[in-house]
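What follows is one structure encoded as structure tokens, with my remarks underneath.
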Amino acid sequence: MNRIATALAAAGVLLSAGFAQAGTLADVKARGTLKCGVSQGLAGFSAKDDKGQWAGFDVDMCKAVAAAIFDDASKVEYVPLSAEARFPALQKGEIDLLSRNSTWTMQREADLGLLFAAVSYYDGQGFMVPAAKNVMGALELSGSKVCTQAGTTSIDNVQDYFKQNKMELELTLLPNVDELVKAYADGKCDVLTTDVSQLYALRLKLAKPADYVVLPDVISKEPLGPVVRQGDDNWLNIVKWSFYALVNAEELGISTETLDQAAKSEKPDVKRFVGSDGAYGEKLGLTKDWAMRIVKSVGNYGEVFERNIGAQSKLGIPRGINQLWSAGGIQYAPPIR
């Protein structure tokens, strides 16, 4: 009887896993579009361009997943979400994927029933101040009026930093990015604190961006990345490997300009990437050329970074630790094999 019970239990696990794997991918395919949660407008990451089209670093993650599934990066329905609304929207199934400058924390996985698929951007919390104040570092900010956004990890981080350094803090919380910038521009606070990447983006919203500086201090670890619901391992793998395809492509020298050469390559790792060797995409419910579809649509990780937030963008954020591991950074993708 024990053997029968064990066998039935194992069969039940396999059956439930099969249903889970069919879940989100099947829904997305049936709908014909990917529902992707993004910010309400953060330059370089997710915002509408001058043509009214969503664009940015986080948007390209949505496009990468859509390209892997449909071979069409345009099949995305973008859902703009505030910091406080982003996780409930994912939990309720209102979106399939959250790609919106969100920090990976234990609490968000353990308490909210969510999973972070990867770290797409290694960030940290910093401070922006008016250049006229001649502030050189964060330890000079005691007694400052500080603004940040409600519902974010920035709140605990800044409170911890000021407390640890025995500094006085007057903290003001704003519900969204627009009100945060307005409060700062109106002089309701002396300092704005959030992720450094976001500070560069928010500075562009100010009337005279050059009048403000981002201090060199980084007071936290903020690993940002795409988020999915727990309970659908196959969907997690699709999102995870869509991101890792971007990184692997850069490592292998595969870009929008070298796709044709890659397709003809005899190198084993390149052949696995392009789908001429193995059945890696099919095991996820995708196609052999899933990774090539991604690069064709958005480029590799380096192209995505530089175009949206790096040297080729208005933000001009140094790539820093988001360089590949082979170039002195810590971006590192598991191999496709």
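Residue numbers (mature numbering (1 follows the signal peptide of the UniProt record, and there is no 0)): -22 to -1, 1 to 315.
Note that the Cβ used here is the ideal one computed from N, Cα and C, for glycine as well.
Between the alpha carbons of residue i and residue j, how many angstroms are there, rounded?
i, j, result
"serine 243", "phenylalanine 94", "33 Å"
"glutamate 281", "glutamate 72", "30 Å"
"isoleucine 299", "tyrosine 310", "11 Å"
"isoleucine 287", "leucine 20", "11 Å"
"arginine 271", "valine 159", "38 Å"
"glycine 259", "glycine 115", "48 Å"
"glycine 221", "tryptophan 32", "The sequence as given places phenylalanine at residue 221; glycine does not occur at that position. Between phenylalanine 221 and tryptophan 32, the C-alpha separation is close to 19 Å."
"aspartate 164", "aspartate 36", "29 Å"
"glutamine 301", "alanine 227", "13 Å"
"lysine 261", "phenylalanine 65", "29 Å"
"glutamine -2", "alanine 257", "The predicted position of glutamine -2 is uncertain, since its pLDDT is 39 and thus under 50; a value taken from the coordinates is nonetheless stated next. Near 17 Å, if we compare the C-alpha coordinates of alanine 257 and glutamine -2."
"alanine 4", "glutamate 62", "28 Å"
"glycine 129", "leucine 151", "9 Å"
"valine 192", "isoleucine 232", "34 Å"
"asparagine 154", "valine 248", "44 Å"
"leucine 184", "proline 246", "50 Å"
"leucine 180", "tyrosine 190", "11 Å"
"cysteine 167", "tryptophan 303", "39 Å"
"lysine 141", "asparagine 135", "10 Å"
"alanine 289", "lysine 7", "36 Å"
Answer yes or no: do residue i and residue j have a C-beta to C-beta separation smaller than 8 Å?
i, j, result
"proline 204", "serine 77", "yes"
"arginine 250", "glycine 91", "no"
"asparagine 79", "serine 132", "no"
"leucine 177", "glycine 104", "yes"
"valine 169", "leucine 224", "no"
"aspartate 255", "aspartate 173", "no"
"glutamate 148", "lysine 123", "yes"
"lysine 218", "alanine 96", "yes"
Around the Cβ of residue i, are there at least 16 other Cβ atoms within 10 angstroms (buried) or fewer (exposed)?
i, result
"isoleucine 308", "exposed"
"glutamate 229", "buried"
"lysine 29", "exposed"
"glycine 22", "buried"
Identify the continuous beta strand (DSSP E) that holds residue i and give its terminal residues.
i, result
"phenylalanine 94", "92 to 94"
"aspartate 173", "169 to 173"
"serine 122", "122 to 127"
"proline 201", "200 to 202"
Where do the N-terminal and C-terminal ends of the alpha helix (DSSP H) with residue i fall, by residue?
i, result
"methionine 106", "Looking at the DSSP string, methionine 106 is not in any alpha helix (DSSP H); the run it does join, the beta strand (DSSP E), is 103 to 108."
"glycine 280", "279 to 286"
"tyrosine 222", "211 to 230"
"leucine 237", "237 to 242"
"leucine 158", "155 to 163"
"leucine 147", "Note, leucine 147: premise wrong, no alpha helix (DSSP H); beta strand (DSSP E) at 147 to 152."
Under 8 Å, with one C-beta from each stretch per pair, do the stretch 47 to 67 and the stretch 232 to 252 reach the 3-pair mark? no
Does the pairing of the stretch 38 to 49 with the stretch 79 to 89 give three or more beta-carbon distances under 8 Å? no
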